[in-house]
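Here's the structure we're looking at; comments come further down.
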Amino acid sequence: MIIFAITFGLITGSFLNAYEYRKRTKTKNVWHGRSFCPKCKHKLGAMDLFPVLSYLLLQGRCRYCKKPISTQYPIVEMVAAALFGLIYWHFFPSNLLNPIDFSSQDILLKSLGTLAWFYFASVLILVVISDLKEMIIPDEVVLPAIVVAFIYGLIASTLGGLESGYLVSRLGMQLIAGIVGSGFFYSMIVVSKGKWMGGGDVKLAAFMGFALGWPLIFIALLLAFILGSIFGIAIIVLRQKKFADAIPFGPFLAAGTVLAILWGNVVLTWYLDKLILL
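Start counting the sequence shown at 362; every next residue gets the next number (the numbering used here).
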């Protein structure tokens with residue numbers, strides 16, 4: 362089954378590349394129409410559409426105009442494949458090839474979680490591409506994801522426990538996480554008068570909170586700031602950026618989110634153990 366997840370990730374990555382390009386270039390029909398070369402606009406044939414493989418066989422050049430194909434295409438496809446494989450492994454860790462040993466309720470919950478996080482991973486990939494290229498976290502990507510994340514939490518909470526107290530508790534933690542995430546970034550905007558963070562970061566943090574819940578949102582934000590600080594210091598030392606230059610923070614929030622859902626509980630357990638020892 363994990364092979365199917367990876368294959369689905371490759372296909373999804375190819376679709377995300379097409380969607381991002383059409384949206385960025387304001388192509389009339391974003392959702393329909395055959396893929397084409399961004400350079401010569403020639404429509405691509407079936408042999409040009411195999412994720413990663415076509416890029417390798419064509420040696421990174423368009424079959425028709427021979428101009429270089431952006432490395433974004435295979436990179437996004439491989440990242441999506443890796444994420445989808447890791448997400449499947451996260452929800453079905455005990456038997457990757459044949460997860461029939463779980464109860465029917467477990468399978469339903471894990472299947473729901475897997476599909477939800479396939480979508481969430483796709484959202485995060487689009488956020489990273491857009492923020493790196495345009496310094497924009499697109500509302501049309503993040504706002505629907507907030508709604509889906511909330512609905513996912515509601516359904517998962519209902520399936521996970523029918524007792525009203527349990528349901529209220531789970532939803533409460535989800536709401537707290539969303540408020541904490543978005544509130545934290547909103548306060549940074551107010552304090553810095555918009556110099557440190559933007560409105561897109563607030564919405565992305567709300568999505569992170571609803572998708573991860575509490576306390577994983579804390580882990581995600583912590584990891585995002587650690588990664589962002591390391592990267593920021595590195596590029597300043599290498600003189601690629603000045604201290605006052607803007608650096609897109611969306612990629613670090615996306616990375617923190619992925620790390621939190623995959624290994625957040627491990628990080629949290631380690632952190633609490635160290636805290637107790639102190």
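Ideal placement from N, C-alpha and C gives every residue a C-beta, glycine not left out.
Per DSSP, cross-strand counterpart(s) of residue i
i, result
"LYS556", "Its beta-bridge partners do not exist; DSSP assigns none."
"PRO429", "ARG422"
"PHE397", "LYS404"
Per-residue burial, residue i [other beta carbons within 10 Å of its own, 16 or more giving buried]
i, result
"PHE365", "exposed"
"THR618", "buried"
"SER525", "For SER525, the pLDDT reaches just 44, beneath the cut-off of 50, and the residue's location in the model is therefore unreliable, leaving the point undetermined."
"VAL552", "exposed"
"ALA595", "exposed"
"ALA566", "buried"
"LEU584", "buried"
"PRO454", "exposed"
"SER415", "buried"
"VAL541", "buried"
Cβ shell of residue i (< 8 Å), same chain only, five flanking positions each side left out
i, result
"ARG395", "LYS404 and LEU405"
"VAL484", "VAL502, VAL503, ALA506 and PHE568"
"ARG422", "LYS428, PRO429 and ILE430"
"ILE486", "GLY374, LEU377, VAL437, VAL440, ALA441, LEU444 and ALA615"
Whole-number beta carbon distance between residue j and residue i, since they are thought to touch under 8 Å
i, j, result
"LEU620", "LEU447", "Rounded, the Cβ-Cβ distance is 10 Å, inconsistent with contact."
"SER520", "LEU476", "What sits at residue 520 in the sequence shown is Leu, not Ser. That belief does not hold up - the Cβ atoms of LEU520 and LEU476 are roughly 13 Å apart, past 8 Å."
Nonlocal neighbours in the same chain, by C-beta distance under 6 Å from residue i, ignoring five residues either side
i, result
"GLU438", "LEU371, GLY374, SER375, PRO412 and VAL413"
"GLY474", "PHE452"
"GLY313", "Outside the shown range of the chain (362 to 639) lies residue 313, about which nothing can therefore be said."
"PHE511", "PHE571"
"GLY625", "LEU577 and ILE580"
"PRO435", "VAL413 and TYR416"
"PHE481", "ALA572"
Beta-carbon proximity check, residue i vs residue j, cutoff 8 Å
i, j, result
"LEU532", "GLY544", "no"
"PHE546", "MET534", "no"
"GLY611", "VAL488", "yes"
"ILE363", "TRP450", "yes"
"ILE550", "VAL563", "yes"
"SER472", "GLU381", "no"
"CYS426", "LYS384", "no"
"LEU629", "PHE613", "no"
Residues of its chain near residue i, where Cβ-Cβ distance is below 7 Å and the 5 sequence neighbours each way are ignored
i, result
"LEU573", "ALA538, ALA581, THR618, ALA621 and ILE622"
"ARG424", "ASP409"
Interface flag, residue i vs chain B, CB-CB below 8 Å
i, result
"TYR449", "Included in the structure is just one protein chain, with no chain B present."
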